[in-house]
Amino acid sequence: MFFVLSMLVALFMGISVIIVRMKAQNYPTNAKKIIIPPFFMATGALMYIFPYFRLTPMEILEAVVVGMFFSLFLIFTSNFEVKNNQIYIKRSKLFPLILITLLVIRTVMKFFLSSTIHPGELGGMFFLLAFSMIVPWRIAMYMKFKKIEHS
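Every position in the sequence shown, counted from 1, becomes a number in the working numbering once 4 is added.
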């Protein structure tokens with residue numbers, strides 16, 4: 005029951021991210037819009053205060069490595085363009101496909117890992133995976149943005 009509910013929530017969130025990202029392409033962006041999301045997401049790390057969510061060093065390493073690997077796909081499909089002297093996120097036909105693929109991969113991973121890893125640890129691992137995916141992606145976006153801004 006909880007597994008199905010968590011999958012539905014993940015699906016809803018994934019679709020929401022795709023919609024928000026597609027709408028964002030219609031408006032100019034700035035450095036603040038790029039760097040603020042990881043700071044808001046970082047508050048989720050407060051879950052590690054509770055022993056239920058704490059990870060072993062190997063689980064931390066696994067989550068960070070997988071997250072950083074996934075971030076590569078987002079980095080390569082996130083580019084900017086200048087229109088009317090303003091910087092916009094460039095439309096990428098691959099981006100929604102990559103987000104959906106990453107969502108499916110994470111769902112399959114969660115399905116298989118849920119039988120061997122405690123639910124709290126699994127939640128902690130998937131938060132860390134997502135955070136390790138978003139931070140490098142946003143840093144790369146910020147660097148690309150600054151490069152275009154100064155050119």
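Quick reminder that beta carbons are idealized off the backbone N, C-alpha and C, glycines included.
Neighbourhood of residue i by C-beta distance below 8 Å, restricted to the same chain and skipping five residues each side
{"i": "residue 79", "result": "140, 141, 144, 145"}
{"i": "residue 104", "result": "18, 22"}
{"i": "residue 48", "result": "131, 135"}
{"i": "residue 95", "result": "29"}
Nonlocal neighbours in the same chain, by C-beta distance under 7 Å from residue i, ignoring five residues either side
{"i": "residue 134", "result": "71"}
{"i": "residue 152", "result": "84, 86, 91"}
Distance CB(residue i)-CB(residue j) smaller than 9 Å
{"i": "residue 111", "j": "residue 99", "result": "no"}
{"i": "residue 77", "j": "residue 53", "result": "no"}
{"i": "residue 63", "j": "residue 128", "result": "yes"}
{"i": "residue 107", "j": "residue 46", "result": "no"}
{"i": "residue 149", "j": "residue 60", "result": "no"}
Nonlocal neighbours in the same chain, by C-beta distance under 6 Å from residue i, ignoring five residues either side
{"i": "residue 75", "result": "137, 140, 141"}
Residue i beta carbon near the ligand GDP (any heavy atom closer than 8 Å)
{"i": "residue 22", "result": "Inclusion of the ligand GDP in the displayed structure is not the case, the ligand content being empty and no account of it being possible."}
Outcome for residue i when other beta-carbon atoms lying within 10 angstroms are tallied against a minimum of 16
{"i": "residue 126", "result": "buried"}
{"i": "residue 57", "result": "buried"}
{"i": "residue 67", "result": "buried"}
Query raised in the report: Does the count of Cβ pairs from the stretch 114-121 and the stretch 24-39 closer than 8 Å reach three?
Result: no
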